[in-house]
Every structure is written in structure tokens, then in C-alpha cells.
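Following: one structure in C-alpha cells, then a few remarks.
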Amino acid sequence: MADRAVGIPIVREGIPFVATAGGAAALAGALGWTGPTLVLGVVALFTAWFFRNPRRIVPLLPGAVVSPGDGRIIAIAEEFEPRFLKEPSTRISIFLNVFDVHVNRIPCEGTVEDVVYQPGRFLAANRPEATLRNEQNALMIRTPQGQKVLCVQVAGLIARRIVCWTSPGERVGRGERFGLIRFGSRMDVFLPLRATLRVGVGEHVKGGETILAELADISLEAK
Numbered sequence: 014m015a016d017r018a019v020g021i022p023i024v025r026e027g028i029p030f031v032a033t034a035g036g037a038a039a040l041a042g043a044l045g046w047t048g049p050t051l052v053l054g055v056v057a058l059f060t061a062w063f064f065r066n067p068r069r070i071v072p073l074l075p076g077a078v079v080s081p082g083d084g085r086i087i088a089i090a091e092e093f094e095p096r097f098l099k100e101p102s103t104r105i106s107i108f109l110n111v112f113d114v115h116v117n118r119i120p121c122e123g124t125v126e127d128v129v130y131q132p133g134r135f136l137a138a139n140r141p142e143a144t145l146r147n148e149q150n151a152l153m154i155r156t157p158q159g160q161k162v163l164c165v166q167v168a169g170l171i172a173r174r175i176v177c178w179t180s181p182g183e184r185v186g187r188g189e190r191f192g193l194i195r196f197g198s199r200m201d202v203f204l205p206l207r208a209t210l211r212v213g214v215g216e217h218v219k220g221g222e223t224i225l226a227e228l229a230d231i232s233l234e235a236k
């Protein structure tokens, strides 16, 4: 179910990690081990910060496609998407390092037509071949106008766990939380070629807030 993480400061999947590190730090402190206490305390704080779950102001612009995650745009390319869309599209790739928010968000409103998990390798997420070879999870979303947007969670060199809370048939809203990838990752968004891009390579984006592109109004094109 999308957006189940709303309203809490860290995502639920991060609570066991924070509790373990915090408990270990408390135990070390009780035993009088100053050095281990400080180290474990820093680990607990970093883990809580990594799994942070900030609120975002989602733009209301009709047809807007927002970034599914925080990070830096490392590639924008026109290519044939062979697995899901099976047509030419524009791919926007966003690299999330360990310091970025790793909660993933729905890029556009619509209905989730399919969710497909693909096992694979754990190449560095900023390498081009990671698009096809790394472990990943793809969401196919069809907008109310019938346009298809593909959002792909891609594991990275350190990331070893992809989490997705939504399932086929669900209605989703732009900016809703739908999952996360632990410890470094990448997000790929595939858009129709007619979409108007609003970002460029090298730009830093915020999940749920930064507009990546605007979908063409096909209802006007039909008139």
C-alpha cells in the first residue's frame, strides 16, 4: 500500500536498525565503555538520519511528473524501453548516495498496472549498465489520460534491499511514498517522448517536489 510511511519521522523499515544500534550504545554505556558507546551512538544517529522520512510539498501542476527520489540526475536519454513500455521513451536516471533521503515517491497520479521485481547484480548505481543488470523493481503507472510512466527502483553497490509498498490495481497520487532502497541506489523514470523536460543532467532533485517533466495533454491533441 502506498504512503504507509506518512506521519512518522523515520520509515518503519528503519526502526529495527535504529533500535539495534541504540540498544547496543545504551548497553555499552551501562558497562562503562566510553569509546564503543560513542561509536555506536554515532551509528544509531546516522541510521536514524538515513531512514528519515521528511514531508514534502507536492506541486499541483496538471500533468507534472515529480522526482521519485532525492539525488542527482546522472543521465537523460532517449531510448527504446524493451521490457515494459516496449516503445521509444525518455529515461531520466537519478543517483541517490548514502546521504540522500531514500524514501521513494510516486512520480504521477494514476493506476499501478504492474509491479515487477527483477533479481540481478549490485553494480555501482551510477554505471549505465546498472539500468538492465542490477536488482530492481519496476512500477508501471497509467495516468488518467492513458499515458504510461515507468518508475524503476534500482539497487546499487551498497544497496541490498528494495522495499515496495504498492501493488497492481492501486490508485496512486503524485508524491505519495511507495517504498525505499537501503543504503545507496538509483531511480529511473521512463516517460513518453512527447513529455516536456524541466530538468537537466547534473541537477539535484527532491523526491515529491522537483518537477522532472510535464506530460503532453493528449486530450487537446485529439481535438
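Numbering of the sequence shown is given in the numbering used here, commencing with residue 14 and proceeding in unit increments.
We put the CB at the ideal spot given by N, CA and C, even for glycine.
The alpha helix (DSSP H) enclosing residue i, as first and last residue numbers
i, result
"Thr33", "Ile28 to Ala43"
"Ile22", "The question names Ile, but residue 22 is Pro in the sequence shown. That residue, Pro22, is in no alpha helix (DSSP H); it is neither H nor E in DSSP."
Beta-bridge pairing of residue i - partner residues as DSSP gives them
i, result
"Asn117", "Gly192"
"Ala245", "Only positions 14 to 236 of the chain appear in the structure, and residue 245 is not among them; the question remains open."
"Ile154", "Val125 and Val162"
"Phe203", "Arg104 and Leu163"
"Leu74", "Bridge partners of Leu74: none, in fact."
"Val185", "Gly123"
"Arg65", "Ile23"
"Ala168", "Ser198"
Burial state of residue i (16 or more Cβ within 10 Å)
i, result
"His217", "exposed"
"Thr223", "buried"
"Trp178", "buried"
"Gly239", "Absent from the structure is residue 239, since the part of the chain shown begins at 14 and ends at 236."
"Ala93", "Rather than Ala, the amino acid found at residue 93 in this sequence is Phe. The residue in question, Phe93, is exposed, as its Cβ has fewer than 16 Cβ neighbours within 10 Å."
"Val55", "exposed"
"Pro181", "exposed"
"Ala57", "buried"
"Leu40", "exposed"
"Gly213", "exposed"
"Glu122", "buried"
"Ala235", "Because the pLDDT of Ala235 is 49, which lies under 50, any placement of that residue in the model is unreliable, and the number read from its coordinates should be weighed accordingly. Per the 10 Å Cβ criterion, exposed."
Host beta strand (DSSP E) of residue i (start-end)
i, result
"Pro101", "Glu100 to Leu109"
"Phe254", "The chain is shown from 14 up to 236; residue 254 falls before or after that span and cannot be answered."
"Ala77", "Ala77 to Val79"
"Val176", "Ile175 to Cys177"
Whole-Å CB distance - residue i paired with residue j, under 8 Å assumed
i, j, result
"Gly186", "Ile119", "7 Å"
"Ser102", "Leu206", "6 Å"
"Arg155", "Glu126", "5 Å"
"Ala163", "Leu98", "In the sequence on display, residue 163 carries Leu and not Ala. At roughly 6 Å, the Cβ-Cβ gap stays under 8 Å, so Leu163 and Leu98 are in contact."
"Gly215", "Arg69", "At roughly 22 Å, the Cβ-Cβ gap does not stay under 8 Å, so Gly215 and Arg69 are not in contact."
"Phe64", "Val31", "7 Å"
7 Å CB neighbourhood of residue i in its chain, flanking five on each side removed
i, result
"Tyr130", "Asn150"
"Gly45", "none"
"Val116", "Ala18, Val24, Asn66, Arg190, Leu193 and Gly220"
"Val114", "Arg65, Pro67, Asp83 and Gly220"
"Gly188", "Arg69, Val71, Val79, Arg118, Ile119 and Gly221"
"Ala34", "Leu53, Val56, Ala57 and Thr60"
Beta-carbon contacts of residue i that lie in its chain and below 8 Å, excluding the five residues immediately before and after
i, result
"Glu227", "Leu74, Gly76, Ala77, Val78, Ala208, Thr209 and Arg211"
Cut-off 6 Å between Cβ atoms - residues of its own chain near residue i, not counting five sequence neighbours on either side
i, result
"Arg174", "Arg195"
"Gly153", "Contrary to the premise, residue 153 reads as Met rather than Gly in this sequence. Cβ neighbours of Met153 beyond the five flanking positions: Phe97, Glu126, Asp127 and Leu163."
"Val176", "Glu26, Gly192 and Leu193"
"Gly42", "Thr50"
"Met200", "Pro81, Gly82 and Ile107"
"Ala37", "Leu53"
"Glu91", "Thr103"
Distance cut-off 7 Å: residue i Cβ against heavy atoms of the ligand MN
i, result
"Asn66", "Absence of the ligand MN from the depicted structure is noted, as is the absence of any ligand whatsoever, leaving it without description."
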